[in-house]
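Encoded as structure tokens, the structure appears first; notes follow it.
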Amino acid sequence: MTAPRLFMPPQRPAHVPADLAFGCLGAAWSRGDLGFLDSAVGEEAVLRQPGHVGTGPGSAMAEALADLAAFPGAEILAEDALEAETGDSASDAGPGTYVAARATMLASHHGPGRFGPGSGRTVQARTMGDFWIDGDGRVQDAWVIRDTAAILAQTGGPAPRDWARAQIAAAGKSERMAPPLTPETDIEGPYGARGSNAPAAAGFADLLRRIMGGEIAAIASEYDPACELAHPGAGQAMGHRAATAFWAGLRSALPSAAFRVEHRIAASDPGRAPRAALRWSLYGRHDGHGRWGPPTGAYVHVLGLTHAEFGPGGLRREWTLIDDAAIWTQILLATGAH
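FYI, in this note's numbering the residues of the sequence shown are 0 to 337.
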């Protein structure tokens, strides 16, 4: 989905990678600085969200305007950013920086838009994103997930399935709707590397592969007993039981889907616990009961982002996002149940 450029702002100085990532996660539009996006996003940048794929700064600004209209006065709290320099391997796009960032929006829903008429309700919702920033300081590849389910629940909106159905109906015809992100609708961007082999990154990737491969007992052996968990729908929980419920529930809905760790990086900054960030996917038939109701046989693609922090007792904090509304959109479009 490509949108026209709104204006041509003056040239700006190069951005710090983490600041650029947080700006793209909402900090720019929350302060009314749409010109930031024009200078920060490359002309041919591929901007992926589970609900659609856009390109270039015009697409980023169109999204930002919609958010600004619905949530005027929002505050974006930068939580964490893991960075890795790129360009050291043949599979890298070239010199640049890869950033995995996490932020939370605090806002009041005052304006009309994709989440319905302004409700006046308070919203707290997390957004996570992976960004590849080239040597000139511009985003050229991005994968962003917002906790749509949390926003819908807090604004008094419909459940993700019903919201997805309404979005399809509002488009008039399914053919007129921007298609959700899948391997078929994705656009190849310049960054194709798989990330870091640092122990924290490689170990976390292996742990998630084990869990999604059916070794659910790995949670009990590798997670801290008092682990803190942040999951879609603004879910907050603690402990092995909650971690098992989330990951087993996700896998049970797509038991035959292919799981793949798409990218991994780690950080071990002085004075901070080791951290790791994964971008992963599930792709296959919706052939199991669980998170998205009874099996429909529809092909479903799940984009996931997971950050973790590690301590002496194992994984002690986890943040994971997927977009249930985008997955329901795929199911409804495939089954014609819209």
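By construction, the Cβ of each residue, glycine as well, lies at the ideal position given by its N, Cα and C atoms.
Excluding five sequence neighbours on each side, which residues of the same chain lie with their C-beta closer than 7 Å to the C-beta of residue i?
| i | result |
| --- | --- |
| SER251 | GLY287, HIS288 and GLY289 |
| GLY155 | SER118 and ARG120 |
| ALA307 | PHE203, ARG274, ALA275, LEU314, ARG316 and GLU317 |
| ILE326 | TRP291, VAL299 and VAL301 |
| ILE330 | HIS285, TRP291, THR295, ALA297 and VAL299 |
My understanding is that residue i touches residue j, with C-beta atoms under 8 Å, so please give their C-beta distance in whole angstroms.
| i | j | result |
| --- | --- | --- |
| PRO182 | TYR282 | 6 Å |
| MET104 | LEU304 | Not quite, the Cβ-Cβ distance comes to about 16 Å (not below 8 Å), so this is no contact. |
| TRP131 | ALA92 | 7 Å |
| HIS262 | GLY188 | The Cβ separation is near 12 Å, so there is no contact. |
| VAL260 | TRP279 | 5 Å |
| GLN235 | ALA244 | About 13 Å; that fails the 8 Å criterion. |
Shortest alpha-carbon distance to residue i belongs to which of the options?
| i | options | result |
| --- | --- | --- |
| ARG315 | THR243, ALA265, TRP246 and GLU221 | GLU221 |
| THR85 | HIS306, ASN196 and GLY232 | ASN196 |
| TYR190 | ASP133, THR126 and SER118 | ASP133 |
| ALA124 | ARG101, ALA92, GLY136 and LEU332 | ARG101 |
| PRO71 | ALA26, ASP129, ALA17 and LEU302 | ALA26 |
| ALA152 | LEU332, PHE21 and ALA324 | ALA324 |
| PHE35 | VAL15, HIS51 and HIS300 | VAL15 |
| HIS109 | ASP140, LEU67 and LEU331 | LEU67 |
| ALA169 | GLY112, ILE215, ASP146 and PRO56 | GLY112 |
| ALA141 | THR184, TYR97, ARG175 and ALA158 | TYR97 |
| ASP322 | ALA17, PRO159 and ASP135 | PRO159 |
| ASP223 | ILE330, GLU62, ALA257 and PRO311 | PRO311 |
| GLY22 | GLY50, GLY136 and PRO49 | GLY136 |
| PHE309 | LEU332, ALA336, PRO293 and ARG271 | ARG271 |
| MET176 | GLY50, GLY31 and ALA336 | GLY50 |
Can the beta-carbon of residue i be found less than 7 Å from the beta-carbon of residue j?
| i | j | result |
| --- | --- | --- |
| LEU76 | ALA276 | no |
| ALA59 | SER29 | no |
| LEU249 | ARG47 | no |
| ALA356 | VAL138 | Only positions 0 to 337 of the chain appear in this structure, which leaves residue 356 out of reach. |
| ALA163 | ALA233 | no |
| THR328 | THR295 | no |
| VAL45 | ILE167 | no |
| ALA201 | ARG209 | no |
| LEU320 | ILE144 | yes |
| PRO56 | ASP37 | yes |
| THR184 | VAL52 | yes |
| LEU33 | ALA61 | no |
Give me, in chain order, the residues of the same chain whose beta-carbon lies closer than 8 Å to that of residue i; leave out the 5 immediate sequence neighbours on both sides.
| i | result |
| --- | --- |
| CYS226 | MET237, GLY238, HIS239, ALA242, GLY313, LEU314, ARG315, ARG316 and GLU317 |
| PRO231 | ASP146, ALA148, ALA149, THR319, LEU320, ILE321, ASP322 and ASP323 |
| GLU42 | GLY55 and PRO56 |
Could you check whether the Cβ of residue i sits closer than 7 Å to any Cβ belonging to chain B?
| i | result |
| --- | --- |
| PHE309 | In the structure shown, chain B does not exist; there is a single protein chain. |
Does DSSP put residue i in a helix, in a strand, or in coil?
| i | result |
| --- | --- |
| ASP66 | helix |
| SER255 | coil |
| SER58 | helix |
| GLU187 | coil |
| PRO159 | helix |
| ASP323 | helix |
| ILE330 | helix |
| ALA89 | Note that ALA89 scores a pLDDT of 49, beneath 50, so its modelled location is shaky and nothing firm can be said. |
| MET211 | helix |
| THR154 | coil |
| PHE114 | coil |
| SER107 | strand |
| SER38 | helix |
| GLY248 | helix |
| SER195 | coil |
| SER267 | coil |
| LEU24 | helix |
| PRO224 | strand |
| ASP133 | strand |
| ARG316 | strand |
| HIS288 | coil |
| ASP79 | strand |
| HIS306 | strand |
| ASP205 | helix |
| THR96 | strand |
Please list, in chain order, all residues of the same chain as residue i whose beta carbon is under 6 Å from its beta carbon, the five residues on each side excluded.
| i | result |
| --- | --- |
| GLY115 | GLY156 |
| ALA199 | ALA265, PRO273 and ALA275 |
| ALA106 | PHE70, ALA73 and VAL122 |
| ALA83 | TYR97, SER195 and ILE264 |
| PHE258 | MET211 and LEU281 |
| ASP205 | none |
| SER267 | PRO273 |
Consider the C-beta atom of residue i and the heavy atoms of the ligand SAM; say whether any pair is separated by less than 6 Å.
| i | result |
| --- | --- |
| ALA141 | Ligands are entirely absent from the displayed structure, and the ligand SAM is therefore not among its contents. |
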